[in-house]
Amino acid sequence: MTTPALLPLSGRRLPPLNLGASAFPHHRATLRLSEKFILLLILSAFITLCFGAFFFLPDSSKHKRFDLGLEDVLIPHVDTSKGDKNLGGFLIHGQGHDEHRHREEEERLRNKIRADHEKALEEAKEKLKKSRDEIQAEIQTEKNKVVQELKKKDSKPLPPVPLPNLIGINSGEPADPDIREKRNKIKEMMKHAWDNYRQYGWGHNELKPIARKGHSTNIFGNSQMGATIVDALDTLYIMGLHDEFREGQEWIDKNLDFSVNSEVSVFEVNIRFIGGLLAAYYLSGQEVFKIKAVQLAGKLLPAFNTPTGIPWAMVNLKSGVGRNWGWASAGSSILAEFGTLHMEFVHLSYLTGDPVYYNKVMHIRKLLQKMDRPNGLYPNYLNPRTGRWGQHHTSVGGLGDSFYEYLLKAWLMSDKMDTEARKMYDDAIEAIEKHLIRKSNGGLTFIGEWKNGHLERKMGHLTCFAGGMFALGADGSRDDKAGHYLQLGAEIAHTCHESYDRTTLKLGPEAFKFDGGVEAVAVRQNEKYYILRPEVIETYWYMWRFTHDPKYRQWGWEATQAIDKYCRVSGGFSGVKDVYSSSPTYDDVQQSFFLAETLKYLYLLFSNDDLLPLDNWVFNTEAHPLPVLHLANTTLSGNPAYR
């Protein structure tokens, strides 16, 4: 297996290519003139004007020649033998009164030319007197004007759509003072993360909290797209941090530009940006978020231009050219990437009245339904050219995870009308339980990975989301097995808590084994890191909502304290490289999903259930809440355009 450190973020989330990677510089596509080039232009214009003034301004010695030239232009040839004094409205040379008028016109023309030259010379002189910073500011002003004009052209009005009934967006205050104090602590941690990003990384995708500068990874291409801003908006909103929310909204309105020559991950941009913008729109009602989401979605559509309609993993936002990750099996697309578009794309069709988004994801579903599945399992790799599976590797962790999550959530988001999605989920979970879920010698339930015909007894931090998924899908499961799946969710939550509790820092490793007496412990050095991941806390929250067992709040508070003690630095929050070390080194990255997911799930864990109730909201895989829509199996009846 490729080591996690070499993989991009995919599935629900895979580790970055380089945990300490430096941020890519930002290059705007419009008007990329350097200051040196501008100064050279001004200087050359000044010299040209000087020579022009010297050689071409009229003087008294040239008046006669100028007069003759002007007459040659203005006066057509006339045949005076016929006695014509006037032809076609032109005055004939030789009449004294008319000649006087000509000379007045010439003098006026000379004066205008001279005045224009003098004005241009004065402007050039003034430019050269200005400092570099002043010239740079003027250039930036002109750039901004052009960008704003382009934005106006791109901002097409969207059809009015009735908003779903939105419940529980400004509530959740716990009565218990101890719980309220813990919730306020989590809010303070969010403010610490945001304020430092605001100060040191504003506009960059993420923050390096120790170096105190911006950070980015290859999933965002080479552009500063403000991923942390977009990802954090809904968390800020539900925490009541409205000044910070407005700061983010203002940046998005003025600076979020998708017309950049940048190759991005379709999956990551969908779950973080489109998901984040849609959630911010539903919570706040601000149209700018909906408009930006639709603009970005249009930039992702060319990724679907493959022989099968299975999208490429990456697409260039400007050219529309797509390709797959070089490390993926036989040029394949990844199950968790092309299978984690449904929620956002259905909402895009709902809000725009355009079925193109809905049709794209339904086409993927129909294709998958026709394919043979070894042992009923979905392999992680599918070739978008041939429509055939790649390597037979199945995982509920990285590369596979959120595909199964979105089958369940498609059903929930449709107000449980999309029974086709529910059937696919139930079939998949039965195969997973039969082939991948095992109990260790010490009694811990874990989910392994199927590789080349055998089970690898290793579970990733990413896989820990599945405890919450089993609990969320318990109601409505086949054969009255709701109790069984709720219990399975509790067992997975317990195993993942053990992976935290058996470390020095009380924070979970990236992956842990169940082999030869080693249980819920990382063995390899490159699996001992913690990068502020949310999946274990996500499962605690779902289990709390469905059982109200106080141990889930207790476990969540243990994780909160550990993060605050070992990951907090003066410039924000950082991941750590070894959770088994008492003096760990930092990776110096504050991930955008820490603000989008980890802190949001902790805040919800210590809030009342009336904040974002699960009967009315479904969370995408980046923890962005989207409202339940009343949809039929194959139509979007919530939008009048579909009736």
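Residue numbers (my numbering): 5 to 647.
Even for Gly, the Cβ is constructed at its ideal location relative to N, Cα and C.
Nearest to residue i (by Cα), restricted to the options the options
i           : options            : result
residue 496 : 465, 481, 479, 514 : 465
residue 326 : 383, 317, 333      : 317
residue 249 : 228, 222, 261, 280 : 280
residue 373 : 350, 411, 362      : 411
residue 354 : 259, 363, 431, 165 : 165
residue 364 : 261, 356, 346      : 346
residue 428 : 392, 442, 527, 407 : 407
residue 398 : 310, 425, 272, 435 : 435
residue 551 : 531, 523, 472      : 472
residue 526 : 582, 356, 492      : 582
residue 657 : 185, 231, 340      : For the chain, the structure presents residues 5 to 647; residue 657 sits outside this window and is missing.
residue 475 : 339, 352, 547, 439 : 547
residue 564 : 544, 104, 173, 519 : 544
residue 319 : 334, 333, 342      : 342
residue 605 : 589, 561, 571, 585 : 561
residue 224 : 264, 438, 215      : 264
residue 557 : 612, 376, 420      : 612
residue 505 : 376, 559, 261, 115 : 559
residue 531 : 462, 541, 554      : 462
residue 213 : 608, 403, 591      : 591
residue 458 : 468, 446, 469, 442 : 442
residue 419 : 126, 382, 632      : 632
residue 313 : 456, 388, 122, 417 : 388
residue 205 : 607, 588, 623, 575 : 575
residue 174 : 243, 182, 133      : 243
residue 521 : 489, 602, 447      : 447
residue 339 : 396, 351, 322, 350 : 396
Helix, strand or coil at residue i according to DSSP, with G and I counted as helix
i           : result
residue 559 : helix
residue 138 : helix
residue 444 : coil
residue 89  : At residue 89 the pLDDT is 38, less than 50, meaning the model places this residue with poor confidence; the figure from the coordinates comes in the next sentence. The answer is coil: DSSP assigns residue 89 none of H, G, I, E or B.
residue 453 : strand
residue 623 : strand
residue 604 : helix
residue 634 : coil
residue 554 : helix
residue 466 : helix
residue 589 : coil
residue 114 : helix
residue 540 : helix
residue 390 : coil
residue 610 : coil
residue 594 : strand
residue 250 : helix
residue 439 : helix
residue 655 : Nothing about residue 655 can be reported from this structure: the residues present for the chain run from 5 to 647 only.
residue 121 : helix
residue 616 : coil
residue 397 : strand
residue 549 : helix
residue 461 : coil
residue 583 : coil
Cβ distance (whole Å) where residue i is taken to contact residue j below 8 Å
i           : j           : result
residue 336 : residue 380 : No, residue 336 and residue 380 are not in contact; Cβ-Cβ is about 20 Å, not under 8 Å.
residue 297 : residue 275 : Contact doesn't hold; Cβ gap of about 12 Å is too wide.
residue 535 : residue 480 : Residue 535 to residue 480, Cβ: 34 Å. No contact.
residue 238 : residue 628 : 6 Å
residue 577 : residue 197 : 5 Å
residue 503 : residue 516 : 5 Å
residue 301 : residue 362 : Actually they do not touch by this definition, with Cβ atoms about 12 Å apart.
residue 186 : residue 610 : 5 Å
residue 311 : residue 270 : In fact, because the Cβ distance is near 17 Å, the residues do not count as touching under 8 Å.
residue 384 : residue 371 : Actually they do not touch by this definition, with Cβ atoms about 16 Å apart.
residue 221 : residue 625 : Rounded, the Cβ-Cβ distance is 18 Å, inconsistent with contact.
residue 303 : residue 262 : 5 Å
Residue i: CB within 7 Å of a non-hydrogen atom of the ligand ATP
i           : result
residue 373 : The ligand content of the structure shown is nil, which means the ligand ATP is not present either.
Checklist entry - In the region 260-314, which residue ranges form an unbroken beta strand (DSSP E) of at least 3 residues, counting only runs that do not cross its ends? => result Restricting attention to beta strand (DSSP E) runs no shorter than 3 residues, the region 260-314 encloses them at 267-269, ordered along the chain.
Next on the checklist: Ignoring anything shorter than 4 residues, give me the alpha helix (DSSP H) runs that lie fully in the region 302-385, in order along the chain.
Outcome noted: Secondary structure remark: continuous alpha helix (DSSP H) runs of at least 4 residues inside the region 302-385, in chain order: 339-342, 346-356, 360-374.
Next on the checklist: Please give the ranges of any alpha helix (DSSP H) in the region 473-536, keeping only runs that are unbroken, at least 4 residues long and fully inside the region.
Outcome noted: DSSP runs (the alpha helix (DSSP H)) wholly in the region 473-536: 486-505.
Next on the checklist: Measuring CB atoms only, is the region 277-289 touching the region 190-198, in the sense that at least three cross pairs come out at less than 8 Å?
Outcome noted: Verdict: no, contact absent.
Checklist entry - Do the region 195-205 and the region 612-623 touch if we need at least three Cβ pairs shorter than 8 Å? => result Touching, no, given that fewer than three Cβ pairs across the two stretches are closer than 8 Å.
Next on the checklist: I'd like the ranges of any beta strand (DSSP E) spanning at least 3 consecutive residues and lying wholly in the region 159-229.
Outcome noted: Assignment of beta strand (DSSP E) within the region 159-229, counting only whole runs of 3 or more residues, yields 210-212, 217-219 in chain order.
Checklist entry - Just checking, does the region 504-515 make contact with the region 451-461 on the three C-beta pairs under 8 Å criterion? => result Too few Cβ pairs lie closer than 8 Å, so no.
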